[in-house]
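In my numbering, the protein residues as written are 742 to 1183.
In this text, a Cβ means the ideal position worked out from N, Cα and C, and glycines have one as well.
Predicted model, so just to flag it, every value in this text is computed and none were measured.
Only one structure is covered here, and it is reproduced in the block below.
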Amino acid sequence: MKLQKKMLTVLLILMMFVVAACSGNGGNDGANSSSSSNSNKKNSSNENVSLRIMWWGSQARHDATLKVIELFEKKYPNIKISPEYMGNDGYFDKLATQIAGGNPPDLMQLGNNYPDYVSKEALLDLSPYVGQEISIENFDQNVVEAGAMNDKQYGISLGSNVLGLVYNKTLMEQAGLEPLKENMTWEDLEAYGKDAVTKLDGKFAFADQSFFTHYLNYFLRQQDKTFYRDEAVAFNQEDVEKWFDMWSNFRAAGIVPSSEASASMSETSPDVSLLVQGKVLMSLVWSNQMSGFQSAMQDELGVSLLPTAKDEKRSGLWIQPSQFMTISKESKHPKEAALFINFMVNDLEATKILGNDRGIPGSEEVRNMLSGDGSDMDKKIYEYFNTAAGVASSMDRELPNIGEFDGQLNNAAMSVGFDAKSSAEAAVDVVTAAEAAVAKSK
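Shown next as structure tokens:
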């Protein structure tokens, strides 16, 4: 009898342990409710986790990102994030040192140079976390694809840019000019410019932008060419010659300033641009610059698509993520890191804090929210972005060592403008510079 009682006691104790083990994590592993359904992703566990994150940017970006980290930690109290941030200068050197030393941050902000880190096997494939910890269902497909290589997702866009044509609507109306028509070609733009300069009292239709790398790439993409594809230069001398010839025609027609006049002008920022100074009617700019142009001037600005090509093979436009958030392959807590990425790009409270500092958000839901709270110019930009996203084609890989190529293109364009070289001769220089940039990367 005593033996039976002892056995019964042991059984009861074992049952208590089983019940306790089964109920230990029950019902409390979800995240706190979020202002966005897409940001309400479940945490993988309730263990205390420490993450490191590294980004570059301005003080405004630092302040906003720190607020988002604080908000995230309130919603996920078991996850603590240690931030490292700085300006652009020296950022990648510091990151390279940490990676080489085997101590990279869990979360790393990268640009369109992220493929370099993929080749170094420094980044984690995020594909297993997409649809789980990370939601991209409201993202434009082109934005998603820009962060993928070899069918693997390595980066999630924190914001995107797209090229556009900004024009002085006030000046256009005062001069009695017709609004820009939809789907205008480069030839239409030239004809419009010739008419405009007869009514603009000494002003030009637009600035000479023949030396801007991304504008040339837009022109190339319309012929299904690009700077770099399949690990090689993907354009030729004739392609660049056409570009230089077009701008030479613009200068000859008085649509843009002469090279001598352009040399004394600057397009380095909105404040000193010819558009803000009232010397030109329109300018080719990135979407993240448009608000800066409007803020710097009293006249009302409008936004239009860039010209198409008569024999266009594909849209020259592409949605270019300005930065990606990535996860180190060495991270011991990739699920928690993925949760933070999702929070940055989907939580409506967090995205409202971050705004457009890193570019236009990839999520249409977030864009609609920000547009409703934004200025008139912000609304124009979001409307334009949605239009551009509807016609844009996939983004191409960036040319390796593109910073060096920028300088060579600038020199070649100036040599044509000052009649030091023909378009054909300068085009050879551009192709040679591109080939050198690719060779240097191998």
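For V1157, which of K815, E1001 and V903 has the nearest alpha-carbon?
-> Sorting K815, E1001 and V903 by C-alpha distance to the C-alpha of V1157 places E1001 at the top.
Compare the beta carbon distance of A1129 and G905 with 9 Å and say whether it is the shorter of the two.
-> Yes.
Three or more beta-carbon pairs under 8 Å between the segment 895-904 and the segment 866-875, yes or no?
-> Taking a cut-off of 8 Å on C-beta distances, the segment 895-904 touches the segment 866-875, as three or more cross pairs fall below it.
Mark F991 as exposed unless 16 or more other C-beta atoms lie within 10 angstroms of its C-beta, in which case mark it buried.
-> By the neighbour-count definition (other C-beta atoms within 10 Å, threshold 16), F991 is a buried residue.
Taking DSSP as the reference, what is the three-state secondary structure of V1169?
-> DSSP places V1169 in helix when its eight states are reduced to three.
Y855 and F1065: beta carbons closer than 9 Å?
-> In contact: Y855 and F1065 (Cβ atoms closer than 9 Å).
Tell me which same chain residues have a C-beta within less than 8 Å of the C-beta of K1162, skipping the five on either side of it?
-> Hits under 8 Å: A1153, S1156 and D1170.
Buried or exposed by the 16-neighbour rule on C-beta atoms within 10 Å, applied to V1132 | V1132 is exposed by the Cβ-count criterion.
Proximity winner among S1182, G1113 and A1079, relative to K1093 (alpha-carbon distances) | When C-alpha distances from K1093 are compared across S1182, G1113 and A1079, the shortest belongs to G1113.
Inter-residue Cα distance where the pair is Q978 and N844 | Their Cα atoms are separated by approximately 45 Å.
Compute the beta-carbon to beta-carbon distance between F1081 and I822, rounded to the nearest angstrom, for a pair I have assumed lies under 8 Å.
-> The pair is a contact, with the Cβ atoms about 7 Å apart (cut-off 8 Å).
What is the rounded straight-line gap between the Cα of Q1039 and the Cα of L1046?
-> Each residue's Cα considered, the two are about 23 Å apart.
Nearest residue (CA-CA) to Y1125, options D1160, N1097, S1028 and G1115 = Closest by alpha carbon: S1028.
Endpoints, alpha helix (DSSP H) assigned at T1128 = D1117 to V1132 is the span of the alpha helix (DSSP H), which, as asked, contains T1128.
State the Cα-Cα distance for the pair K1054 and L961, rounded to the nearest angstrom.
-> Cα to Cα, the separation comes out at about 10 Å.
Between S951 and the rest of its own chain, which residues show a CB-CB distance below 6 Å, the 5 nearest in sequence each way excluded?
-> Non-local C-beta neighbours of S951 in its own chain, meaning closer than 6 Å and more than five positions away in sequence, comprise W988 and A1154, ordered along the chain.
Can you list, in chain order, the residues of its chain whose CB lies under 6 Å from that of K1105, leaving out five sequence neighbours each side?
-> Before going further, note that residue 1105 is Glu rather than Lys in the sequence given. N879, listed in sequence order.
Cut-off 6 Å between Cβ atoms - residues of its own chain near K1121, not counting five sequence neighbours on either side = Excluding residues within five positions, the ones whose Cβ falls inside 6 Å are V1044.
Look at the Cβ atom of L957, then the Cβ atom of V981, and state whether they are nearer than 9 Å.
-> Going by beta carbons, L957 and V981 fall inside the 9 Å limit.
Which whole-angstrom value describes the C-beta separation of D1117 and T954, a residue pair presumed to lie in contact below a C-beta threshold of 8 Å?
-> Contact between D1117 and T954 does not hold, since their C-beta atoms are separated by about 31 Å, which reaches or exceeds 8 Å.
Determine the closest residue to A1091 out of N789, G1144 and A805, with distance taken between C-alpha atoms.
-> With distances taken between Cα atoms, A1091 lies closest to A805.
Spatial neighbours of I1101 within its chain, please: CB distance less than 8 Å, with the 5 preceding and 5 following residues excluded, ordered by chain position.
-> Taking I1101 as the centre and dropping the five residues before and after it, the same chain places the C-beta of G900, S901, N902, V903, S1028, N1029, R1108, I1122, Y1123 and F1126 closer than 8 Å to its C-beta, in chain order.
Minimum length 3: unbroken beta strand (DSSP E) runs contained in the segment 888-951 = Taking only runs of at least 3 residues, the beta strand (DSSP E) segments lying wholly in the segment 888-951 are 897-902, 904-909 and 945-947.
Coil, strand or helix - I1068 by DSSP | Strand.
Could you spell out where the alpha helix (DSSP H) holding M1031 opens and where it closes?
-> Unbroken alpha helix (DSSP H) run through M1031: S1028 to S1036.
Would Q964 pass as a contact of D1052 if the rule is Cβ separation under 9 Å?
-> The criterion of a C-beta distance shorter than 9 Å is satisfied by Q964 and D1052.
Taking the alpha-carbon positions, what's the E972 to N853 distance?
-> Taking the straight line joining both Cα atoms gives about 15 Å.
Report the rounded CA-to-CA distance for G1103 versus L912, giving the unit in angstroms.
-> Here the alpha carbons of L912 and G1103 stand approximately 33 Å from one another.
Could you spell out where the alpha helix (DSSP H) holding Q978 opens and where it closes?
-> Note, Q978: alpha helix (DSSP H), Q978 to A993.
Taking only the alpha-carbon atoms, compute the straight-line gap between S1168 and A1175 and give it to the nearest angstrom.
-> In the sequence as presented, Ser is not what sits at residue 1168; that position holds Ala. So the alpha carbons of these two residues sit roughly 11 Å apart.
M1136 lies in the beta strand (DSSP E); which residues open and close that run?
-> Judged by DSSP secondary structure, M1136 falls outside any beta strand (DSSP E); it is assigned neither H nor E.
When you compare each of L812, A1177, D949 and Y832 to E931 by their alpha carbons, which one comes out closest?
-> It is D949.
Would you say K944 and L1022 are within 9 Å of each other, going by their C-beta atoms?
-> It is a contact, given that the beta carbons lie within the stated cut-off.
Measure the beta-carbon distance from M795 to Q850 and round it to whole angstroms, keeping in mind my assumption that it falls under 8 Å.
-> With a Cβ gap of about 7 Å, M795 and Q850 count as contacting.
Unbroken beta strand (DSSP E) run spanning G1043, endpoints | Here the beta strand (DSSP E) through G1043 covers L1042 to S1045.
Report back the beta-carbon spacing between P1110 and N883 to the nearest angstrom; my notes put them in contact at under 8 Å.
-> It should be noted that the sequence gives Met, not Pro, for residue 1110. With 8 Å as the limit, M1110 and N883 do not qualify as a contact, their Cβ atoms being about 21 Å apart.
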